[in-house]
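As structure tokens, the structure follows; a few thoughts come after it.
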Amino acid sequence: MSIVVQKFGGSSVADAESVKRVAKRIVEYRQAGHEVVVVVSAMGDSTDDLIDLAQQVSPMPPARELDMLLTAGERISMAVLAMAIANLGFEAQSFTGSQAGVITDEQFGKARIIDVTPGRIRSSLDEGYVAIVAGFQGVSQTAKNITTLGRGGSDTTAVALAASLDADVCEIYTDVDGV
């Protein structure tokens with residue numbers, strides 16, 4: 032069975048109807064016999080909204096706390112998408128970056144992935160689930176803090192997971208011109 036990693040950006044999961052369309056596409060891949068790992072960004076403009084909120088309460092929010100806040104957007108997307116897939120009669124499990132084994136350096140806001148240990152993802156696939164991973168985030172190797180990878184971090188997450196899982200293909204669904 033081939034492993035397919037699919038990444039869906041914020042505009043792809045911007046609202047409930049968009050999430051349902053993405054879930055349908057994922058299920059089609061599962062029905063075709065593929066093991067599917069999905070990396071999602073935050074819904075729509077939610078990351079920008081969270082940054083605005085943080086700056087309203089603190090013009091210079093502590094970097095650690097900002098990373099904790101910003102990862103909430105992807106966590107919402109992953110859970111909602113798992114629910115939409117379940118509604119179509121398929122099993123899905125959602126994972127934070129940390130749960131997916133995305134290990135980063137200690138740099139808040141622009142962490143770099145230094146390792147991916149996808150044991151839980153592999154187990155989920157082995158049990159027949161679609162694995163859904165929150166992009167843009169990981170856990171620091173030493174201090175075990177939640178970190179964000181910066182803009183474009185969900186694409187990076189998808190490629191890193193695809194490499195660590197020896198995926199047959201990594202598909203990036205985007206509305207960015209030229210990609």
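Counting from 1 along the sequence shown, just add 31 to a position and that's the residue number in my numbering.
The beta-carbon is built from N, C-alpha and C at its ideal position, and this holds for glycine as well.
CA-CA distance, Gly104 and Phe126?
13 Å
Just to confirm the assignment: which complete alpha helix (DSSP H) runs, minimum length 4, are found wholly within the segment 131–202?
150–157, 184–195
Candidates Ser89, Ala85, Ser77, of which the one nearest Arg106 by Cα:
Ser77
Cut-off 8 Å between Cβ atoms - residues of its own chain near Ile31, not counting five sequence neighbours on either side
Outside the shown range of the chain (32 to 210) lies residue 31, about which nothing can therefore be said.
Between Gly184, Gln37, Ser108, Val147, which has its C-alpha nearest His65's C-alpha?
Gln37
Quick check: what's the CA-CA separation for Ala130 versus Gly120?
The displayed chain sequence assigns Gln, not Ala, to residue 130. Distance between the alpha carbons of Gln130 and Gly120: 24 Å.
Quick check on Ser125: does DSSP put it in helix, strand or coil?
strand
Residues of its chain near Gly75, where Cβ-Cβ distance is below 6 Å and the 5 sequence neighbours each way are ignored
Gly41, Ala45
Under a Cβ-count criterion, where at least 16 other Cβ atoms within 10 Å of its own Cβ denotes burial, should Gln168 be classed as buried or exposed?
buried
What does a CB cutoff of less than 6 Å around Asp21 pick up in its chain, not counting 5 residues either side in sequence?
Look at the range of the chain in this structure, 32 to 210, and you will see that residue 21 is not part of it.
Cβ neighbours of Ala4 in the same chain (closer than 7 Å, five flanking residues each side left out):
Nothing about residue 4 can be read from this structure; the chain reaches only from 32 to 210.
Is the separation between the beta-carbon of Val70 and that of Ala189 shorter than 7 Å?
yes
Length at least 3, wholly inside the segment 52–122: the beta strand (DSSP E) runs in chain order:
66–71
Is Val44 helix, strand or coil when you go by DSSP?
coil
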